[in-house]
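Engineer:
Residue numbers (our numbering): 11 to 257.
#1: Would you please state the rounded distance, in angstroms, between the beta carbons of residue 168 and residue 212? I believe it to be under 8 Å.
#2: Tell me whether residue 129 is buried or exposed, calling it buried when 16 or more other Cβ atoms sit within 10 Å of its Cβ.
#3: Rounding to the nearest angstrom, what Cα-Cα distance links residue 204 and residue 236 in this structure?
#4: Quick one: what's got a C-beta closer than 6 Å to residue 68's C-beta in the same chain, skipping five residues either side?
#5: At 4 residues or longer, what runs of the alpha helix (DSSP H) sit wholly inside the region 171-249?
#6: Report yes if the C-beta distance between residue 158 and residue 120 is below 8 Å; otherwise report no.
#7: When you compare the CB positions of residue 224 and residue 100, do they come within less than 8 Å of one another, or not?
#8: Closest to residue 92 by CA distance: which of 156, 23, 111 and 118 is it?
#9: Buried or exposed, going by whether 16 or more other CB atoms sit within 10 Å of the CB of residue 147?
#10: How about residue 52 and residue 222: are their beta carbons less than 8 Å apart?
#11: Please list, in chain order, all residues of the same chain as residue 85 whose beta carbon is under 6 Å from its beta carbon, the five residues on each side excluded.
#12: Between residue 21 and residue 31, what straight-line distance do the alpha-carbon atoms span, to the nearest angstrom?
#13: Which partner residues of residue 69 appear in the DSSP bridge assignment?
#14: Give me the Cβ distance between residue 154 and residue 123, rounded to the nearest whole Å; I'm assuming they're in contact under 8 Å.
#15: In the DSSP assignment, the alpha helix (DSSP H) including residue 130 goes from what residue to what residue?
#16: Whole angstroms are fine: how far does the CA of residue 208 sit from the CA of residue 189?
#17: Any idea if residue 34 is buried or exposed, counting beta-carbon neighbours within 10 angstroms, 16 or more meaning buried?
#18: Please classify residue 251: does DSSP put it in a helix, a strand, or coil?
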């Protein structure tokens, strides 16, 4: 039974959001056509990173808690992780949008981003030799800079609220993964700071994973809405017939 531990963690992670996707209020299933492309694109980035980190011994997977089925030297459960966890986090994001009508963190999202950028940049400068720290913090910095100065989207307040709420399932899932341990970290490649048994880098890893998914998800929804609006506008425009004038 131990060999199914990581697989069961994936199943229980996605079970509630999956079942609630079809309820009539949030109607999360109706947005899957935007969600799954974001999961695939973001997952490809993180899987590439994951393959390299496993090869470089930044982390390893405990053979006692996985089924032994691998793809590109990664346990199949790790591939599923990039489906189940972001799926559940985006469900939290949509739940926040539905149940909390006021964008509570809208006035503060730029400040939150600036604080993240300053802290991550300072820590990064003094820990260049630690691969997990460098890669996770660098990706987060790039994403935050893009959102803060280039994209300037209107969803960052709700993103941060969903991100902070997601710490509840995050600590539960990652707590199990790192305490049993299912995933074993090489402390030479991280700060060595643990939140219970979870490397602090995991919180930033989760930020990047969720933010990249939300960015693509929101882009696809807005593009679809824009296309629909344009189509509706064109359809509603009066059509004029050309009349032949005799000469």
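Just so it is clear, CB atoms sit at the ideal spot from N, CA and C, and this is done for glycine as well. Fair warning: this is a prediction, and the values are worked out from it, not measured in the lab.
Structural biologist: The short version:
#1: No, residue 168 and residue 212 are not in contact; Cβ-Cβ is about 22 Å, not under 8 Å.
#2: exposed
#3: 44 Å
#4: 141, 142, 196 and 199
#5: 177-189 and 211-246
#6: yes
#7: yes
#8: 23
#9: buried
#10: yes
#11: 71 and 76
#12: 15 Å
#13: 195
#14: 5 Å
#15: 119-135
#16: 8 Å
#17: exposed
#18: With a pLDDT of only 42 at residue 251, under the threshold of 50, the placement of this residue in the model should not be trusted; the figure read from the coordinates follows. In the structure shown, residue 251 sits in coil (DSSP, three-state: anything other than H, G, I, E or B).
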